[in-house]
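Trainee:
In my numbering, the protein residues as written are 4 to 681.
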């Protein structure tokens, strides 16, 4: 109830509906010219169904009440029917309007506006065809039951049905147009107003002549009627149909219409009048709908073309904004488009490549460097033949004659069937990148030479450091031997002892040189079974003096009964020396005595060596083994890289871990002899 009350129409609208309903009843009474027939055309049916189509269903009870009041008033004023009969006839009319509006709106999916051919066909079939079945059945039964003017159900039902259908087709479109465009201002040009005036004169003249019996057929009115529907669509059709109905009624009431005959043929003439109006209304509405859809299709096509032109212009601007050269080829390889950047670069457009006796593609290939043109042409022809994309670098001649390096890529565009419709090629100027790469290469070569010189200097310093100690001992022992031999008497025993020391130190210097050569000079590795404890002892002895100078105490912990490993003794010893020396250097900043821990133990099938220091730790444990990465001010970053390479060549691993709270541990694993890499 609240929904019904909240959807109550305005009293003004219901008053207008009441007045239109009563006036429709009056027109129906005037057109009742067939003897024994109360009405021949029922305009209130068109007013009623059009109102319900355009209003929400919750407001329908109000319109039904207003229609009932109009029906009762019309029955009292025009037809003088008994009150029960008038009420039953209105029930049929209300049922017709409700059924018609419901069917039409449901079929259209929304309130019908008579804007498309589908809506017109639905309105004609359901609103004017099916809905009047209810009113014709109820009305004919009522007339027969009450015996009004001796009516029988079978005789009056066809005229009742076609009378309601005619009223709906003639009146409902006009009501729909008026309600929908009540506040819409129609703006017609001067030419349209002139055309409308000419059409009005022609239409009225043809209607007067055709319906007044001066012409052979009333259907001569159809050409101007359809002309109005085509040019002015639904508004023109609704106005023309209203004028046609008014002219027909006026001539019929005056007796001057060709649809008025003697009493014996009047019923047949009445049916012909109804059919004429139905056919005219149906034809005008159909033609108006077709014209509207055609105009909408033309408008949509025009909008699509404008949108397409806008998109094409936008795409063209985007292509020209891209900092690259873009061009297109036909499937057989003929250039069809250069973007603006390419035109500015080459100094020519596609049409400029048209040269006598030469294809466009050949003219484009002339702009490529002579050394690159054969390769580019072959690659492009191959992709045109196989349909595969290609990418390559080449040099392209600029408009000023300078050659620039370009990176080009070609991709085919295919349709839905997979056929190539065009080729798209994009070229990027990489001249600056090529120059940068060349500068980088030269810088790398210069750096490599500088690195070689620095490595040579470091190697020289390392050799001098390693050999200096045994040479110094040789000099000292030689001086001592000289003193013993120069003494009076000669001390042969002491001289022999110092001579043996000289020989020992000379052999030590030779061993140092051999180890250095083995490390830096390619040679065949000699791997033998060895125990790491002895290699550790030798490494610690070699670094004993350096440890004393750096005030570092070496804490050596070697597990007993260690199995042997298969290794090159010199290389493994060099790894241990490098790791121990790095540990000592890491503790240079530690105040007081420092302890360097060396631990060797067996873990599974491996011998694990751990060298721990108490320094500042390792900031980048994963990178310190990379070549040329160093944390030392004077380092080259090759020592740990060489150490890891040696260990991995022996089938082992080498990595670093930070200690808590400070320091780092370098861990080296080597497989035992039975599992060693050969």
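Beta carbons are placed, not taken as given, at the ideal position from N, Cα and C, and that holds for glycine. Everything numeric in this text was worked out from a predicted model, so none of it was measured.
Is it the case that the segment 535-548 contacts the segment 576-591, given that we only count it when at least three CB pairs across the two stretches are under 8 Å?
Mentor: Contact between the segment 576-591 and the segment 535-548 is present, with at least three C-beta pairs closer than 8 Å.
Trainee: Going by DSSP, which residues form a beta bridge with residue 683?
Mentor: The structure shown does not extend to residue 683, since the chain is modelled only from 4 through 681, so no value can be given for it.
Trainee: Answer with buried or exposed for residue 525, where buried requires no fewer than 16 other C-beta atoms within 10 angstroms of its C-beta.
Mentor: Low per-residue confidence applies at residue 525: pLDDT is 49, beneath 50, and the placement is therefore not dependable, though the value from the model is reported in the following sentence. Classification for residue 525: exposed.
Trainee: On the three-state DSSP scale, how would you describe residue 608?
Mentor: coil
Trainee: Would DSSP call residue 560 helix, strand or coil?
Mentor: strand
Trainee: Go ahead and pull the three-state DSSP assignment for residue 328.
Mentor: Correct three-state label for residue 328: strand.
Trainee: Report the CB separation of residue 593 from residue 618 in whole angstroms; it is logged as a contact under 8 Å.
Mentor: 7 Å
Trainee: Please name the residue in 609, 614, 658 and 652 whose C-alpha comes closest to that of residue 624.
Mentor: 658
Trainee: To the nearest angstrom, report how far apart residue 603 and residue 567 are at their CA atoms.
Mentor: 12 Å
Trainee: Mind reading off the beta-carbon distance from residue 227 to residue 248? Whole number of angstroms is fine, and I expect it under 8 Å.
Mentor: The Cβ separation is near 15 Å, so there is no contact.
Trainee: How far does the beta strand (DSSP E) with residue 409 in it reach, from first residue to last?
Mentor: Residues 406-417.
Trainee: Locate the beta strand (DSSP E) running through residue 532, then write down its first and last residues.
Mentor: 531-533
Trainee: Could you check what DSSP says for residue 115 in three-state terms: helix, strand or coil?
Mentor: coil
Trainee: Could you tell me if residue 173 is buried or exposed, where buried requires 16 or more neighbouring beta carbons within 10 angstroms of its beta carbon?
Mentor: buried
Trainee: Assign residue 339 to one of three DSSP states: helix, strand, or coil.
Mentor: strand
Trainee: For residue 391, which residues in the same chain have their Cβ closer than 6 Å to its Cβ, ignoring the five residues on either side in sequence?
Mentor: none
Trainee: What's the gap between the Cα of residue 346 and the Cα of residue 332?
Mentor: 15 Å
Trainee: In whole angstroms, give me the CA-to-CA distance for residue 287 and residue 229.
Mentor: 6 Å
Trainee: Straight-line CA distance for residue 590 to residue 661?
Mentor: 14 Å
Trainee: Under 7 Å Cβ to Cβ from residue 557, same chain only, skipping five residues before and after it: list those, please.
Mentor: 543, 550, 599 and 601
Trainee: Return the CA-CA distance between residue 98 and residue 33, expressed in angstroms with no decimal places.
Mentor: 24 Å
Trainee: Could you tell me whether the segment 156-169 touches the segment 136-145, using the rule of 3 or more Cβ pairs below 8 Å?
Mentor: yes
Trainee: Could you please give me the residues that DSSP links to residue 427 through a beta bridge?
Mentor: 331 and 414
Trainee: Of all the options 144, 150, 487 and 149, which has the alpha carbon lying nearest to the alpha carbon of residue 157?
Mentor: 144
Trainee: Would you give the residue range spanned by the beta strand (DSSP E) that residue 393 belongs to?
Mentor: Start and end: 393-400.
Trainee: Who are the near neighbours of residue 650 in its chain, counting only those whose CB is closer than 6 Å to its CB and skipping five residues on each side?
Mentor: 657 and 671
Trainee: With burial defined as no fewer than 16 other Cβ atoms inside 10 Å of the residue's Cβ, what is the status of residue 78: buried or exposed?
Mentor: buried
Trainee: Rounded to a whole number of angstroms, what is the C-alpha to C-alpha distance between residue 669 and residue 479?
Mentor: Each residue's alpha carbon lies about 38 Å from the other.
Trainee: Are the segment 368-376 and the segment 395-412 touching, with three or more C-beta to C-beta distances below 8 Å?
Mentor: Yes: at least three Cβ pairs fall under 8 Å.
Trainee: How about residue 407 and residue 434: are their beta carbons less than 8 Å apart?
Mentor: yes
Trainee: With respect to the alpha helix (DSSP H) encompassing residue 200, which residues constitute its N-terminal and C-terminal limits?
Mentor: 193-214
Trainee: Nearest by alpha-carbon distance to residue 676: which of 663, 655, 664 and 387 is it?
Mentor: 655
Trainee: Pick helix, strand or coil for residue 234, following the three-state DSSP scheme.
Mentor: helix
Trainee: Apart from the five residues just before and just after residue 545, which ones in its own chain have a Cβ nearer than 7 Å to its Cβ?
Mentor: 580
Trainee: Whole angstroms are fine: how far does the CA of residue 104 sit from the CA of residue 69?
Mentor: 17 Å
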